[in-house]
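Undergrad: Chains as they are written, first to last, in my numbering: chain A, 820 to 979; chain B, 150 to 537.
The C-beta atom is built at its ideal place from N, Cα and C for all residues, glycine as well.
Just passing along the structure, written as structure tokens.
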Amino acid sequence: LNSLELPLSLHLSSDSSHWDAVRQIYRRMSVLRATGHVADAEVLETSYQQALTLARRRADSDTEEAAILAAENERVASAVMLADLLVPLLAERLGQRPVPSGPTNPRTVAKKENEGPAAADLPTVTTPPRPADGGVPGIADLIDGMLAQESPRAERSIRR
Amino acid sequence: MIPVSVEKPVPAAAIPANGPNVTLARQPPAGPAVKSKTVLVGFDFGTNKSCILAGFAGNTDIAVSKVVPTVVGYVKDGIVDGIVAGNRSILFGDDALQNMLHTRLIFPLADGVISQPDAARDFLKHLRTLADPAGTAEIRAVVGIPANATEQAREDIRRCAFGVFDRILLIPEPFLAALGYRDDGRLGQPNYIDPVVNSLFVDIGGGTSDVCLVQGYFPKPDDQISIAFAGDAIDSILQEDLNRIYPNNGLSKIKVREIKEANGYVGPSRKPLDVKVVIGGKSHTLELGDVLAKAGNALIDKLYPAITTLIQRASSDSVVTLLQNIIVTGGGSQIKGIDTLLQKKLTDDGFESPKVRLAGQDYKRYVALGALKAARAARENQWQVLLG
């Protein structure tokens, strides 16, 4: 599920290579399309075209462009497939409806720190925590509640 | 509450020679790949004013506490050397406003969200220099966002924050206000109602007014209502009426805001309300009783239905206590009579003994303080790392 948490894709800093920018934006668009957010992907089209134009100006051939796009397509397809496989496995192992522990909205551009193998990302929160006895959960638990609220949308997207 | 003494100056040796408002060209170089220390930042990115609180991870001191007008001034071409201090090319906050004749002022936010990405990014870079003058620390920032902020609005913040903050968390502002307003020293006292346990927060900013049920869990979307009507909208009504009644008055947007901040009120018209202004170099006295009432009451007309909607969504078990804990914060809390009028309207509408209170003089800092508390409490895996 964390395959949806992708690097920030739209920052076209002068320090990064132009092909890196193309790669990142294209990856984001691919994920958005794969998760049903076609309109969101189209929003990025202008940035993508700008990045592509810049990169092409400095390219000796179109080989790199084709290779990048193919690699990103493959990467996203693999990620979606992995997610499809993992969701039922995790649900079975946990005996509950799987909810990612972090922000997995397709438009989330961040990557969680210390992201490990899939097992390390098992959900820790399934619903926003409510105080059972009038007490208040800690701030970190409240943040977990916020992150858990963001995850169902991503989950729905995956199942489309 | 925020102790008065928390604002500690950054060691002078660590501040760039030209003070906190550095130009981009004079920013410290990017930090090394392995950063030796971590600075936690609570950041209220407001449409008109922003607040940044920062402290090192591992302790509770607040090393930096600043309220900065959210404005960037790009110095115009051809300005003679020495006119702008340090011959800077970009000014921020009060420096920008004080040099408005020589700069092109850009307000990075409109209606609570980023509208000028380049200026927003420059503004964030400036704030980073306040939090980490040496530019060597890892910066982790909790950033307040309007309740019900769209994905695009969140995305825009992340884009602007890339390369400025190392890790971020975006959390709705009214919830952060409740966290900031919470007096941790009084938790557990019998007469203290923890605002995080059961309160209704009304956060009136420049671009949006956010109303939020805070009841011991993280507010769900149904617990929050964000209205694109706040201080700026009041200013617009005020300016329209001033232009109609006093044509060619020449009052700038900033001047109109000053008039509102000094005289704004809600409720029945208070006439006469004379306001002295300088128009065309001459002093004039304008009678603004009706104009200010109309503009202020327009906010109440938008806000009150949102408040009653959320009250009615509260459970029957919690609503009585909730009504005792309605808190108005943000710049709009300074509009005279707003607490009294809201309470009267609730009472008149039959709500059970409502009590509406103002957050108090630290209203500018509660969101940032809540953000800093969240930053200190966040688990390692809750931070989002912005990658290029």
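Spatial neighbours of S105(B) within its chain, please: CB distance less than 6 Å, with the 5 preceding and 5 following residues excluded, ordered by chain position.
TA: Missing from the structure shown is residue 105(B); chain B here goes from 150 to 537 and no further.
Undergrad: Please work out which residues of its chain come closer than 8 Å, Cβ to Cβ, to I386(B), disregarding the five sequence neighbours upstream and downstream, and give them in chain order.
TA: In the second sequence, residue 386(B) corresponds to position 237, counting from 1. K443, A444, A447.
Undergrad: Measuring straight from C-alpha to C-alpha, what distance separates D271(B) and A520(B)?
TA: On the second sequence, residue 271(B) is found 122 positions in, with the first residue counted as 1. On the second sequence, residue 520(B) is found 371 positions in, with the first residue counted as 1. Linking D271(B) to A520(B) through their CA atoms gives a straight-line distance of about 21 Å.
Undergrad: Report the partner residues of S432(B) according to the DSSP bridge assignment.
TA: As a working note, residue 432(B) is residue 283 in the second sequence. In DSSP, S432(B) forms a bridge with V427(B).
Undergrad: So which residues on chain B does I887(A) lean against when the C-beta distance must stay under 7 Å?
TA: Sequence index remark: in the first sequence, residue 887(A) carries index 68 (1-based). Under the 7 Å cutoff, chain B gives no residues; its nearest Cβ is about 16 Å from I887(A).
Undergrad: Should N412(B) and V424(B) be called a contact, given that it needs their Cβ atoms to be closer than 7 Å?
TA: Here the question's residue 412(B) lines up with position 263 in the second sequence. Here the question's residue 424(B) lines up with position 275 in the second sequence. Yes, the Cβ-Cβ distance between N412(B) and V424(B) is below 7 Å.
Undergrad: So, is T882(A) buried or exposed, given that buried needs 16 or more other C-beta atoms within 10 angstroms?
TA: Residue 882(A) sits at position 63 when you count from the first residue of the first sequence. By the 10 Å Cβ count, T882(A) comes out exposed.
Undergrad: Among G855(A), A885(A), S897(A), W838(A), which one has its Cα closest to the Cα of R877(A)?
TA: Along the first sequence, one-based indexing puts residue 877(A) at 58. Of the listed residues, the one whose Cα sits closest to R877(A) is W838(A).
Undergrad: Which chain B residues sit within Cβ distance under 8 Å of Q968(A)?
TA: For the purposes of this step, residue 968(A) is taken as residue 149 along the first sequence, with counting starting at 1. Correct list: F367, K369, P370.
Undergrad: Let me check understanding here. Comparing Cα to Cα, which of G204(B), I374(B), H251(B), R331(B) lies closest to A280(B)?
TA: By 1-based counting over the second sequence, the position of residue 280(B) is 131. Nearest C-alpha to A280(B): G204(B).
Undergrad: Chain B beta carbons: is any one of them nearer than 7 Å to that of A964(A)?
TA: For the purposes of this step, residue 964(A) is identified with residue 145 of the first sequence, where counting begins at 1. The question names Ala, but residue 964(A) in the sequence shown is Gly. True, the Cβ-Cβ gap to chain B drops below 7 Å.
Undergrad: Whole angstroms is fine: what's the gap from F194(B)'s alpha carbon to S401(B)'s?
TA: The count along the second sequence starts at 1 and reaches residue 194(B) at position 45. The count along the second sequence starts at 1 and reaches residue 401(B) at position 252. For F194(B) and S401(B), the distance between alpha carbons rounds to 23 Å.
Undergrad: Check the Cβ-Cβ distances between L961(A) and every residue of chain B, and say whether any is below 7 Å.
TA: The count along the first sequence starts at 1 and reaches residue 961(A) at position 142. Yes, L961(A) counts as interfacial toward chain B.
Undergrad: What is the residue span of the beta strand (DSSP E) that K215(B) lies within?
TA: Your numbering for residue 215(B) matches position 66 in the second sequence. Segment 213-218, the beta strand (DSSP E) holding K215(B).
Undergrad: At 8 Å on the CB atoms, spell out the chain B contacts of G855(A), in chain order.
TA: Here residue 855(A) corresponds to residue number 36 of the first sequence, with the count starting at 1. None at all; the shortest Cβ gap to chain B is about 14 Å.
Undergrad: What separation, rounded to the nearest whole angstrom, lies between the Cα atoms of E529(B) and P956(A)?
TA: Along the second sequence, read from residue 1 onward, the residue named residue 529(B) stands at position 380. Along the first sequence, read from residue 1 onward, the residue named residue 956(A) stands at position 137. Each residue's Cα considered, the two are about 18 Å apart.
Undergrad: Taking I353(B) and S199(B) to be in contact with their CB atoms under 8 Å, please state how far apart those CB atoms are, rounded to whole angstroms.
TA: Locating residue 353(B) in the second sequence gives position 204, where the first residue counts as 1. Locating residue 199(B) in the second sequence gives position 50, where the first residue counts as 1. Contact doesn't hold; Cβ gap of about 16 Å is too wide.
Undergrad: May I ask which residues mark the beginning and end of the beta strand (DSSP E) holding R506(B)?
TA: Counting from 1 along the second sequence, the entry for residue 506(B) is found at position 357. Secondary structure note for R506(B): its beta strand (DSSP E) is the uninterrupted segment 505-507.
Undergrad: How big is the Cα-Cα spacing for A527(B) and L258(B)?
TA: Position 378 of the second sequence, counted from the first residue, corresponds to residue 527(B). Position 109 of the second sequence, counted from the first residue, corresponds to residue 258(B). One C-alpha to the other measures close to 27 Å.
Undergrad: Please report how far the alpha carbon of A961(A) lies from the alpha carbon of F367(B), in whole angstroms.
TA: As a working note, residue 961(A) is residue 142 in the first sequence. As a working note, residue 367(B) is residue 218 in the second sequence. Sequence check: residue 961(A) is Leu here, not Ala. L961(A) and F367(B) have their alpha carbons spaced roughly 5 Å apart.
Undergrad: In terms of alpha-carbon separation, which member of Q968(A), A885(A), R842(A) lies closest to Y867(A)?
TA: Sequence index remark: in the first sequence, residue 867(A) carries index 48 (1-based). Here the closest residue by C-alpha is R842(A).
Undergrad: Who are the Cβ neighbours of A870(A) in its own chain at under 7 Å, not counting the five residues just before and after it?
TA: In the first sequence, residue 870(A) corresponds to position 51, counting from 1. Same-chain partners within the cutoff: L831, H837, A840, V841, I844.
Undergrad: Does DSSP put K485(B) in a helix, a strand or coil?
TA: Here residue 485(B) corresponds to residue number 336 of the second sequence, with the count starting at 1. DSSP places K485(B) in strand when its eight states are reduced to three.
Undergrad: Whose CA, out of L325(B), A283(B), E322(B), G261(B), lies closest to the CA of A302(B)?
TA: As a working note, residue 302(B) is residue 153 in the second sequence. Of L325(B), A283(B), E322(B), G261(B), the residue nearest in Cα terms is G261(B).
Undergrad: Under 8 Å by Cβ, that's how I've got T252(B) and T219(B) pegged, so tell me the actual separation to the nearest angstrom.
TA: The sequence position of residue 252(B) within the second sequence is 103, counting from 1. The sequence position of residue 219(B) within the second sequence is 70, counting from 1. Incorrect: roughly 15 Å between the Cβ atoms, too far for contact.
Undergrad: Rounded to whole angstroms, how far is the Cβ of F311(B) from the Cβ of L535(B), which I believe are closer than 8 Å?
TA: Your numbering for residue 311(B) matches position 162 in the second sequence. Your numbering for residue 535(B) matches position 386 in the second sequence. So it is a contact: roughly 5 Å between Cβ atoms.
Undergrad: Along the stretch 502-523 of chain B, where does the CB come closer than 7 Å to a CB of chain A? Name the residues.
TA: So the close ones are K522, A523.
Undergrad: Where does Y453(B) fall in DSSP's three states?
TA: As a first step, residue 453(B) is located in the second sequence; it is residue number 304 there, counting from the start. If DSSP states are grouped into helix, strand and coil, Y453(B) belongs with the helices.
Undergrad: Is there a Cβ of chain B sitting closer than 7 Å to that of V928(A), yes or no?
TA: For the purposes of this step, residue 928(A) is taken as the residue at position 109 of the first sequence. Below a pLDDT of 50, predicted positions are generally treated as unreliable, and V928(A), at 36, falls in that range; the measurement from the model is reported next regardless. So, interface residue.
Undergrad: With DSSP run on the structure shown, which of helix, strand or coil describes Q338(B)?
TA: Your numbering for residue 338(B) matches position 189 in the second sequence. Three-state DSSP puts Q338(B) in coil, outside helix and strand.
Undergrad: Using the beta-carbon count (16 or more within 10 Å), is D315(B) buried or exposed?
TA: Here residue 315(B) refers to the residue found at position 166 when the second sequence is read from its first residue. Buried, since its Cβ has 16 or more Cβ neighbours within 10 Å.
Undergrad: Tell me whether K186(B) is buried or exposed, calling it buried when 16 or more other Cβ atoms sit within 10 Å of its Cβ.
TA: Translated into positions along the second sequence, residue 186(B) becomes position 37. By the 10 Å Cβ count, K186(B) comes out exposed.
Undergrad: Would you say Q373(B) faces chain A, with C-beta separation under 7 Å as the test?
TA: Here residue 373(B) refers to the residue found at position 224 when the second sequence is read from its first residue. Answer no: the Cβ-Cβ gap between Q373(B) and chain A never drops below 7 Å.
Undergrad: Nearest chain B C-beta to S836(A) closer than 7 Å, yes or no?
TA: Reading the first sequence from its first residue, position 17 is the one you call residue 836(A). Not one chain B Cβ lies under 7 Å of S836(A).
Undergrad: Name the chain A residues that come within less than 9 Å of R528(B), Cβ to Cβ?
TA: Counted from its first residue, the second sequence places residue 528(B) at position 379. Those are A959, I962, D963, listed as they occur along chain A.
Undergrad: Can T478(B) and Y453(B) be called in contact, C-beta distance under 7 Å?
TA: The residue labelled residue 478(B) in the question sits at position 329 within the second sequence. The residue labelled residue 453(B) in the question sits at position 304 within the second sequence. Not in contact: T478(B) and Y453(B) (Cβ atoms no closer than 7 Å).
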